[in-house]
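Only one structure is covered here, and it is reproduced in the block below.
Number of protein chains: 2
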Amino acid sequence: MQRLKRPTQEDVARLAGVSRATVSYVINGLARGNISISEKTRRRVLEAAEQLGYVPDATARALRLGTTKALGLIIPDIRNPHFWETVDGAWREARASGYHLLLSSMDLSAEYGREIFEELSHRRVDGLILMGSFIEQSDEAQKILLRLRKQRLPIVEISDHLRDDHVDQVVSDYRSVTHEVMELLFSLGHRRIGLVYGVARSDLALDRLEPYRKCLEGFGIAFDEHLVVQCGPTIEDGYRATFALMNCDPPPTAIVAINDLLAIGVMRALVDLGRSVPRDVSVVGFDDIPQARYLVPRLTTATKDASLLGQKAVQLLLKRIAVPDRPYECVVLPARLIVRESTGPAPRG
Amino acid sequence: MQRLKRPTQEDVARLAGVSRATVSYVINGLARGNISISEKTRRRVLEAAEQLGYVPDATARALRLGTTKALGLIIPDIRNPHFWETVDGAWREARASGYHLLLSSMDLSAEYGREIFEELSHRRVDGLILMGSFIEQSDEAQKILLRLRKQRLPIVEISDHLRDDHVDQVVSDYRSVTHEVMELLFSLGHRRIGLVYGVARSDLALDRLEPYRKCLEGFGIAFDEHLVVQCGPTIEDGYRATFALMNCDPPPTAIVAINDLLAIGVMRALVDLGRSVPRDVSVVGFDDIPQARYLVPRLTTATKDASLLGQKAVQLLLKRIAVPDRPYECVVLPARLIVRESTGPAPRG
DNA sequence: TTGTAGGCGTTATCAC
DNA sequence: GTGATAACGCCTACAA
Chain A
52 MQRLKRPTQE
62 DVARLAGVSR
72 ATVSYVINGL
82 ARGNISISEK
92 TRRRVLEAAE
102 QLGYVPDATA
112 RALRLGTTKA
122 LGLIIPDIRN
132 PHFWETVDGA
142 WREARASGYH
152 LLLSSMDLSA
162 EYGREIFEEL
172 SHRRVDGLIL
182 MGSFIEQSDE
192 AQKILLRLRK
202 QRLPIVEISD
212 HLRDDHVDQV
222 VSDYRSVTHE
232 VMELLFSLGH
242 RRIGLVYGVA
252 RSDLALDRLE
262 PYRKCLEGFG
272 IAFDEHLVVQ
282 CGPTIEDGYR
292 ATFALMNCDP
302 PPTAIVAIND
312 LLAIGVMRAL
322 VDLGRSVPRD
332 VSVVGFDDIP
342 QARYLVPRLT
352 TATKDASLLG
362 QKAVQLLLKR
372 IAVPDRPYEC
382 VVLPARLIVR
392 ESTGPAPRG
Chain B
52 MQRLKRPTQE
62 DVARLAGVSR
72 ATVSYVINGL
82 ARGNISISEK
92 TRRRVLEAAE
102 QLGYVPDATA
112 RALRLGTTKA
122 LGLIIPDIRN
132 PHFWETVDGA
142 WREARASGYH
152 LLLSSMDLSA
162 EYGREIFEEL
172 SHRRVDGLIL
182 MGSFIEQSDE
192 AQKILLRLRK
202 QRLPIVEISD
212 HLRDDHVDQV
222 VSDYRSVTHE
232 VMELLFSLGH
242 RRIGLVYGVA
252 RSDLALDRLE
262 PYRKCLEGFG
272 IAFDEHLVVQ
282 CGPTIEDGYR
292 ATFALMNCDP
302 PPTAIVAIND
312 LLAIGVMRAL
322 VDLGRSVPRD
332 VSVVGFDDIP
342 QARYLVPRLT
352 TATKDASLLG
362 QKAVQLLLKR
372 IAVPDRPYEC
382 VVLPARLIVR
392 ESTGPAPRG
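If you're matching them up, the sequences are chains A and B in order.
Count along the first sequence starting at 1, add 51, and that's the number in the numbering used here.
Count along the second sequence starting at 1, add 51, and that's the number in the numbering used here.
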């Protein structure tokens, strides 16, 4: 027994006793206002379609129309709950405009990023949202990106710094809120502040690293390279980094993790080292993932509206698709600090 | 300035001074062994393609070949880290066979599920993997599914119980490991055991609810409906459920959460209620999400190989696509208990 | 108000 | 070895 052949417009037309064009008109709801179909014909066509179980073929439509009604979205790390919010926001926005979303994550494998690039150049998606400036890391990705740009394919970048390039951008920047974090810790008396810098790609959290250094300078505190541990993006990485950090002499009285996932590992490590949070060591994260407020103690963190981020990105992308020649745009989203229990006064030393 | 038109095979053919067919042969690497191209021509074509930046059009290819080289995957809850493992496994397996994966999650909105169903009937994907038997909940989904089945579209279900239906299935069942969980708690002296039953859809965790009841019966413990709290799937739900649970008289000495995400909420709630885990109350979760072993205390949990689950599902699906008429198959994956610090002897009453 | 016909970019079946 | 040519299913001027 073979798979049943899909019914086509032709089949529907035959059954309804009309032409293919008429079926198309009816199915598409008479898109152009200047064509009208008699109610009787309309009903006959609809019934025939129903009876046959006719469903329009998206591939044929895509070929004909030159548009797939699908957008690509690349996030840096699918294991980080923070990015779901962005996916969620993008998803809703895309759906509201009748677009699908193809999700890809860099962490599954570096190749996946490449893959979705190719999706775009193969015309499987009408546009692309790139989150995290990882592209700048790989020569090959750069090359592909360049070609896509030359073809003027719609691309929106979500990143942490404004580029003067000709690109639509959504910028969400932890720079100024990182200043707030550092000032909070400083005002609480902390002078030895560690940084757990766990990233998949080294340019991914510069908006936290740079303010960290600058603030220390502003406070008149010498930068100590031992207080910055560079590691991977998993909880385990944060855990290990903390052991390294607490080995310093003297050890830090506060630890800033560049995201909440790492902070989970940091807090657990401190427990295992017999240190109390925040009595002995204060901890701060970034992103305010859902778990953050259920940790023991609840995690102080800084965050932005990640869902809105995705939403805005899709909006920009759709605008670009609709009007390829408009000037490039940049949307900036603010971040805010959320102080919870994991930060407290520095212990008197 | 308009967007540049994509170069087609025609353009390449013209530049290389050959026919469209020849270009196709070269690009596809002479798929059918019986056609051969002279090395010189081959090189000329490749150079022309490179020079023009020619990239095959996936939509045209899909239309011609009747296959999109894409698979759909529906997971119940993208916010639950447990399911990423499955996505990851499926993704790798699909990729290895040259397939893409379209991800959809029921939690984003119930509509998303429907949406991917439609993707399938519109031929945007060659097959579908359904995770969680949520389909049985919605009449509409049922209807669509039925039609898809009639068209004999390739579908694989990942669920927690064997169905005698004619479907390819991957079954991962927490039933027997839930027995182990209950026996562990019983042997530790627990007699009042609470269940936090937080699911998006009510049939999603029957493989934990049913053994729970049966075990109590086996232990000669009367079932107390107050000890089972039905709630939603978020951490906050688990948190609230625990307050309700600890209001019982007498309160439970152990709480089983049907997944680790809920267990995070449970543990936080117990802290806020001034109870110590595991001294006052033992906690058990399911899934062994990455966070589980970093909680304070580390979480006892039961799990299966979620990545393998996804892998197997894709394998089944691809087999079905290749050979539509093979007999239906079912793969069963085992689960195992991981005992950590969150379980201990029942307090002496 | 409805039908006819051409073409979107590919691949596959033929001839040559 | 290579080159015409016919689909794949759909949309849309334009003709009737």
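Glycine included, each C-beta is placed from N, C-alpha and C at the ideal position.
Exposed or buried, what is residue i when buried is set at 16 or more other beta-carbons lying within 10 Å of its beta-carbon?
i, result
"B:V383", "exposed"
"B:C381", "exposed"
"A:S333", "buried"
"A:H217", "exposed"
"A:K91", "exposed"
"B:M52", "Interpretation of B:M52 is limited by its pLDDT of 42, a score under 50 that renders its predicted location unreliable; the figure taken from the coordinates is listed afterwards. So B:M52 counts as exposed."
"B:V221", "buried"
"B:A373", "exposed"
"A:I86", "exposed"
"B:H133", "buried"
"A:G316", "buried"
"A:Q60", "buried"
"A:A72", "exposed"
"A:R377", "exposed"
"B:S238", "exposed"
"B:E208", "buried"
"A:D219", "buried"
Quick check on the DSSP output: the beta strand (DSSP E) that includes residue i runs from which residue to which?
i, result
"B:Y248", "244-249"
"B:V307", "305-308"
Does residue i come out as helix, strand or coil in the three-state DSSP assignment?
i, result
"A:V374", "coil"
"A:S333", "strand"
"B:D219", "strand"
"A:T118", "coil"
"A:R175", "coil"
"A:L197", "helix"
"A:L388", "strand"
"A:Q202", "coil"
"B:G283", "coil"
"B:V63", "helix"
"B:V69", "coil"
"B:P155", "In the sequence under discussion, the amino acid at residue 155 of chain B is Ser, which differs from the Pro named in the question. It is a strand residue."
"B:I316", "The identity of residue 316 of chain B in the sequence shown is Gly, whereas the question assumes Ile. B:G316: helix per DSSP, three-state reduction."
"B:V365", "helix"
"B:K56", "coil"
"A:V96", "helix"
"B:I78", "helix"
"A:A397", "coil"
"B:I167", "helix"
"B:A353", "strand"
"B:M297", "coil"
"B:L124", "strand"
"B:L181", "strand"
"B:V383", "strand"
Output needed for residue i: all residues of its chain with C-beta closer than 8 Å, excluding positions within five of it in sequence on either side, in chain order.
i, result
"B:L103", "P58, D62, V63, L66"
"A:V176", "T119, A121, L122, G123, L153, I167, E170"
"B:G68", "R95"
"B:E410", "The structure shown does not extend to residue 410 of chain B, since chain B spans only 52 to 400, so no value can be given for it."
In its own chain, which residues sit with a C-beta less than 6 Å from the C-beta of residue i, not counting the 5 before and 5 after it?
i, result
"B:T351", "V335, V390, R391, S393, T394"
"A:F313", "It is worth fixing the name first, because residue 313 of chain A is Leu in this sequence and not Phe. Here the set comprises V247, G249, G289."
"A:E144", "Q362, V365"
"B:Q193", "none"
So residue i is in the alpha helix (DSSP H); what residue range does that whole segment cover?
i, result
"A:R259", "257-270"
"A:E231", "226-238"
"A:A141", "132-147"
Spatial neighbours of residue i within its chain, please: CB distance less than 7 Å, with the 5 preceding and 5 following residues excluded, ordered by chain position.
i, result
"B:R130", "D158"
"A:A320", "Y290, T293, F294"
"B:V232", "V307, V335, A353, L388"
Assuming residue i and residue j are in contact, meaning their beta carbons sit under 8 Å apart, how far apart are those beta carbons, in whole angstroms?
i, j, result
"B:A353", "B:A386", "6 Å"
"B:P205", "B:G245", "The pair is not a contact, with the Cβ atoms about 42 Å apart (cut-off 8 Å)."
"B:H230", "B:A305", "About 15 Å separates the two Cβ atoms, so there is no contact after all."
"A:L114", "B:A111", "5 Å"
Can we count residue i as close to the ligand PLP, meaning its CB is less than 6 Å from some heavy atom?
i, result
"A:E191", "In terms of ligand content, the structure shown is empty, and the ligand PLP therefore cannot be addressed."
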